[in-house]
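Going down the list, the protein sequences come from chains A and B. Here the numbering used here is used: the first residue of the first sequence is 3, the next is one more, and so on. Here the numbering used here is used: the first residue of the second sequence is 2, the next is one more, and so on. Built from N, CA and C at the ideal position, the CB exists for glycine as well. Encoded as structure tokens, the structure appears first; notes follow it.
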Amino acid sequence: QQQVKQSPQSLIVQKGGIPIINCAYENTAFDYFPWYQQFPGKGPALLIAIRPDVSEKKEGRFTISFNKSAKQFSLHIMDSQPGDSATYFCAASHNFGNEKLTFGTGTRLTIIP
Amino acid sequence: GAGVSQSPSNKVTEKGKDVELRCDPISGHTALYWYRQSLGQGLEFLIYFQGNSAPDKSGLPSDRFSAERTGGSVSTLTIQRTQQEDSAVYLCASSFSRDRGRYGYTFGSGTRLTVV
Chain A
3 QQQVKQSPQS LIVQKGGIPI INCAYENTAF DYFPWYQQFP GKGPALLIAI RPDVSEKKEG
63 RFTISFNKSA KQFSLHIMDS QPGDSATYFC AASHNFGNEK LTFGTGTRLT IIP
Chain B
2 GAGVSQSPSN KVTEKGKDVE LRCDPISGHT ALYWYRQSLG QGLEFLIYFQ GNSAPDKSGL
62 PSDRFSAERT GGSVSTLTIQ RTQQEDSAVY LCASSFSRDR GRYGYTFGSG TRLTVV
């Protein structure tokens, strides 16, 4: 049972554009929603995370939007750069991240100059 | 070192052979996780160790898979009688036991396993 669904599978955006990656979850007990960024040959690294008590969180050019009633959250990358080209994974967990993470299937993002 | 270290980085094995994958977590991280990453499948949870508690083995796909963690530090994932469908990147991660929401997991670079 896939508890976190992620889309699109791949995305190509021109430099300066705003790629948007979407995730939906099923388990209403999830209370922690991070995004991880993975470059080729490396393990994923935490990018930004949100808890369900807020609807938006910004860190630099990265923004998470969260819709609790729809059980959906999304990642927006402002002023995207070629260096942002990577695979992005959404995830969800219980107990504010102190339980194991359930990951989405990933989005391969390419930013073209 | 400062990061999570995994070895070997690449492993090619013949179908039916056993393999052992090693993970050295960050010193002071009491939580350790194994995930499997296959093309188009995202990161699949395998097993989770937290301190001296019994591990959460709920993600292990079959009884051919096992893992242990010695002395609360190094972990070894063992796959017996490997099959071609076991081919994937096996990722290890570690984290603090508390406030994982703030710090997240630190992943190693993985072991790419190819079963031929």
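{"Check": "DSSP three-state assignment for D86 (chain A), whether helix, strand or coil", "Outcome": "helix"}
{"Check": "Reference L103 (chain A); option with closest CA among B:R65, B:G60, B:K12", "Outcome": "B:G60"}
{"Check": "Residues near F32 (chain A) by beta carbon distance below 7 Å, same chain, minus five either side", "Outcome": "A94, S95, H96"}
{"Check": "Residues, ordered as in the chain, of the segment 33 to 48 of chain B that lie near chain A by beta-carbon distance below 7 Å", "Outcome": "Y34, G41, Q42, G43, L44, F46"}
{"Check": "Proximal chain A residues relative to D57 (chain B), where beta-carbon distance stays under 7 Å", "Outcome": "K102"}
{"Check": "I116 (chain A) versus T14 (chain B) - alpha carbon distance", "Outcome": "Nothing about residue 116 (chain A) can be read from this structure; chain A reaches only from 3 to 115."}
{"Check": "CB contact check: K17 (chain A) to chain B, cutoff 7 Å", "Outcome": "no"}
{"Check": "For Q85 (chain B), the first and last residue of its enclosing beta strand (DSSP E)", "Outcome": "No beta strand (DSSP E) contains Q85 (chain B), which DSSP labels as neither H nor E."}
{"Check": "Nearest candidate by alpha-carbon position, reference F66 (chain B), set B:S6, B:T112, B:D19, B:P9", "Outcome": "B:D19"}
{"Check": "Proximal residues to T109 (chain A) (C-beta, below 7 Å), its chain only, five neighbours per side dropped", "Outcome": "Q8, P10, Q11, S12, L13, I23, T89, Y90"}
{"Check": "Whole-Å CB distance - G109 (chain B) paired with Q7 (chain B), under 8 Å assumed", "Outcome": "4 Å"}
{"Check": "Inter-residue spacing [alpha-carbon to alpha-carbon] between C25 (chain A) and P42 (chain A)", "Outcome": "22 Å"}
{"Check": "Sheet register partners of Y27 (chain A) (DSSP bridge)", "Outcome": "A:V6"}
{"Check": "Beta-carbon proximity check, P9 (chain B) vs T77 (chain B), cutoff 7 Å", "Outcome": "no"}
{"Check": "Where K7 (chain A) meets chain B, residues with beta-carbon distance less than 8 Å", "Outcome": "Within 8 Å Cβ-Cβ: nothing; K7 (chain A) doesn't reach chain B, min ~10 Å."}
{"Check": "Below-7 Å beta-carbon distance, K44 (chain A) vs any chain B residue", "Outcome": "yes"}
{"Check": "Nearest residue (CA-CA) to G18 (chain A), options A:S67, A:R63, A:Q74, A:T107", "Outcome": "A:R63"}
{"Check": "H30 (chain B) versus S95 (chain B) - alpha carbon distance", "Outcome": "6 Å"}
{"Check": "Buried or exposed by the 16-neighbour rule on C-beta atoms within 10 Å, applied to I114 (chain A)", "Outcome": "exposed"}
{"Check": "According to DSSP, residues forming a beta bridge with Q39 (chain A)", "Outcome": "A:A47, A:Y90"}
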